[in-house]
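Student:
Numbering (our numbering), first residue to last: 3 to 123.
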């Protein structure tokens, strides 16, 4: 069952996995944002989130242009991981009848996996 508030990692976890802690955005102090480079590619991934609204926006920029932009609502939690030389972000959301898990590898190279599991409800 989904919570009313999205769970997020501690600032230290963001620093250890992504190299920076999230900071409030100038436009809306309820929205936090962290930017991390993608390996040595010159690309970057930005993760923005609003804990109370349970929403997440993930973008990838390449050569100064946003080439991927994904929104998620009804987010239950953001997880970070670092294993076997790979660093990434997992966004878990529950939508009626489905469990979604957006996985983004940011190092050593960008990879996006977006499986959706039908719960049969």
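Ideal Cβ positions, reconstructed from N, Cα and C, are used throughout, including at glycine.
Since residue 118 sits in a beta bridge, which residues does DSSP pair it with?
Tutor: By 1-based counting over the chain shown, the position of residue 118 is 116. Answer by DSSP bridge pairing, in chain order: 102.
Student: Can you list, in chain order, the residues of its chain with a C-beta nearer than 7 Å to that of residue 115? Leave out the 5 residues immediately preceding and following it.
Tutor: Counted from its first residue, the chain shown places residue 115 at position 113. Cβ within range, chain order: 105.
Student: So who's on the other strand from residue 82, going by DSSP bridges?
Tutor: One-based indexing of the chain shown puts residue 82 at position 80. Per DSSP, 91.
Student: Under three-state DSSP, which class holds residue 7?
Tutor: The sequence position of residue 7 within the chain shown is 5, counting from 1. Three-state result, residue 7: coil.
Student: Sorted by chain position, which residues of the same chain lie with C-beta nearer than 8 Å to residue 77's C-beta, five sequence neighbours on each side aside?
Tutor: Taking the chain shown and counting its residues from 1, one reaches residue 77 at position 75. Here the set comprises 8, 51, 56, 57, 58, 93, 94, 95.
Student: Taking the DSSP output, what are the residues bridged to residue 53?
Tutor: Here the question's residue 53 lines up with position 51 in the chain shown. DSSP output for residue 53 lists no bridge partner at all.
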